[in-house]
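J.: Dropping the structure in here first, questions after.
Residue numbers (the working numbering): 337 to 765.
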């Protein structure tokens, strides 16, 4: 496996007007796909080994294959662009710099699943991205890449950009569908799954932005090209988002299976004079790792074998100036605020995790409180209605596992032993 960067989705990001059709090109992959049988397109994506880039890592082609054919119902494609988890920051810059890769991927995907309507559900707060998407969609319509009889193939597709109202829960696919239908965004009971009864009770594919944007390169270059990168079970490339205490934070597009040590080498390492303390492999909803995990291959299987999840490859890097208790509290406050309240374990559990962690961070707790928060987390994990509750427990369990002594230090001195200013950029000045 090569460990060099593989700029595909990010290839043109440094070019002026990278977001325009003039720079992107004439949708040659979509033209090629529309000349193929829809089932052949699905098979190509299956053969490529592309897995969902939104966190779960489910095989993309397999998901498309679940859509029943000849059922007499309309089919829909919905792109989940509701990126809002702490640390996750790949889809927003992708849509800003290269929106046409997403639009072209939508055309190919919708054709493959026999859908004539597609939606991009994007966070309402990112108005600049919404404007960029609208401009890209308008360009595609003007060129005849969307609408009726695309490329003279007889295939029709209407694409709608829909802005959400800022709820993290709408990143969950069925809550997203409820929101898209005009209801309050809350997860649905499954089954039935969206492939059978999704948007407007019709067969629906819900995919992440990066998943769909990866499809044109697979059709253009072939499934073997994509499968030739990555690892045996985690094929292809992905965008790794490095943030926090790293010299050159940003988006690094590389084959799956690269290690954090290799990425840090390319990013200039940890900020000068400091060393890594802990990090997240896939955003705040994934169990944290420490410096002992620097050489773990960043693929779905290897990260899972070490007790975490690859998630969205949001690599938040924290050095020794950071208080892990304070960090976990901030994440927990986010999950408590974003819980939709539909199920008791998540609604009550995240609230009480926040209360106890506040006490612990101030040094007012006892060692018994560590048992309390892990017990609360145990009663959320696997019992909440959707994965939000499960994600909220990840930093709890992993931080107590790796940094129990740091929690105890708060009790011993009656407060936080860290100066929060030192973990900031301005605190170093």
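We treat Cβ as the ideally placed atom computed from N, Cα and C, and that holds for glycine.
Could you tell me which residues DSSP pairs with residue 497 in its beta bridges?
T.: 456
J.: In whole angstroms, give me the CA-to-CA distance for residue 354 and residue 348.
T.: Between residue 354 and residue 348, the C-alpha separation is close to 6 Å.
J.: Use the C-beta contact count for residue 536: other C-beta atoms within 10 angstroms, 16 or more gives buried, fewer gives exposed.
T.: exposed
J.: Using the DSSP secondary-structure output, state which residues sit across from residue 655 in a beta bridge.
T.: 612
J.: Span of the beta strand (DSSP E) holding residue 588?
T.: 586-591
J.: Use the C-beta contact count for residue 761: other C-beta atoms within 10 angstroms, 16 or more gives buried, fewer gives exposed.
T.: Per the 10 Å Cβ criterion, exposed.
J.: Could you pull out every unbroken alpha helix (DSSP H) segment of at least 4 residues lying fully inside the region 676-751, listed in chain order?
T.: 680-697, 703-716 and 723-749
J.: Is there a Cβ of chain C sitting closer than 8 Å to that of residue 417, yes or no?
T.: In summary, chain C is missing from the structure at hand, where a single protein chain is found.
J.: Could you work out which residue in 516, 520 and 508 is closest to residue 526 when comparing CA atoms only?
T.: 508
J.: Does the distance from the C-beta atom of residue 717 to that of residue 705 stay below 8 Å?
T.: Taking 8 Å as the cut-off, the Cβ atoms of residue 717 and residue 705 do not count as close.
J.: Which one of 481, 497, 589 and 498 has the shortest CA to CA distance from residue 490?
T.: 481
J.: Mark residue 440 as exposed unless 16 or more other C-beta atoms lie within 10 angstroms of its C-beta, in which case mark it buried.
T.: buried
J.: What would DSSP say about residue 571, mapped onto helix, strand or coil?
T.: strand
J.: Tell me which residues share the same chain as residue 685 and place their Cβ nearer than 6 Å to its Cβ, disregarding the 5 neighbours each side in the sequence.
T.: 712 and 716
J.: Of the residues 719, 737 and 655, which one's Cα is nearest the Cα of residue 678?
T.: Closest option to residue 678, Cα to Cα, is 719.
J.: What residue does the beta strand (DSSP E) around residue 540 start on, and which one ends it?
T.: 540-544
J.: Give every residue of the same chain whose Cβ lies closer than 8 Å to the Cβ of residue 515, excluding the five residues on either side of it in the sequence, and list them in chain order.
T.: 457, 500, 501, 503, 506 and 521
J.: Where does the unbroken beta strand (DSSP E) through residue 413 begin, and where does it stop?
T.: 412-417
J.: If I follow the unbroken alpha helix (DSSP H) through residue 430, where does it start and stop?
T.: 427-433
J.: Measuring straight from C-alpha to C-alpha, what distance separates residue 658 and residue 613?
T.: Whole-angstrom Cα-Cα distance: 8 Å.
J.: Can you give the beta carbon distance from residue 366 to residue 466, rounded, assuming they're within the 8 Å contact cut?
T.: About 23 Å; that fails the 8 Å criterion.
J.: Can you name, in chain order, every residue of its own chain whose Cβ lies under 6 Å from the Cβ of residue 626, other than the five neighbours on each side?
T.: 614 and 738
J.: Would you check if the distance between the CB atom of residue 431 and the CB atom of residue 545 is smaller than 8 Å?
T.: Yes, the Cβ-Cβ distance between residue 431 and residue 545 is below 8 Å.
J.: Using a Cβ-Cβ cutoff of less than 8 Å, which residues in the same chain neighbour residue 695 once the five nearest sequence positions on both sides are dropped?
T.: 701 and 705
J.: Which residue or residues does DSSP assign as beta-bridge partners of residue 577?
T.: 587 and 650
J.: How is residue 625 classed by DSSP in three states: helix, strand or coil?
T.: strand
J.: What residue does the alpha helix (DSSP H) around residue 560 start on, and which one ends it?
T.: 559-563
J.: Are the Cβ atoms of residue 616 and residue 652 separated by less than 8 Å?
T.: yes
J.: State the CB to CB distance for the pair residue 549 and residue 540, rounded to an integer number of angstroms; the pair is presumed to be in contact (CB under 8 Å).
T.: Rounded, the Cβ-Cβ distance is 19 Å, inconsistent with contact.
J.: Let me know if residue 634 comes out buried or exposed under the rule of 16 or more other beta-carbons within 10 Å of its beta-carbon.
T.: buried
J.: Could you pull the start and end residues of the alpha helix (DSSP H) that residue 343 belongs to?
T.: It is not in any alpha helix (DSSP H) - residue 343 carries neither H nor E in the DSSP assignment.
J.: Let's test the definition: count the other Cβ atoms within 10 Å of the Cβ of residue 576 and tell me whether it reaches 16, buried, or not, exposed.
T.: buried
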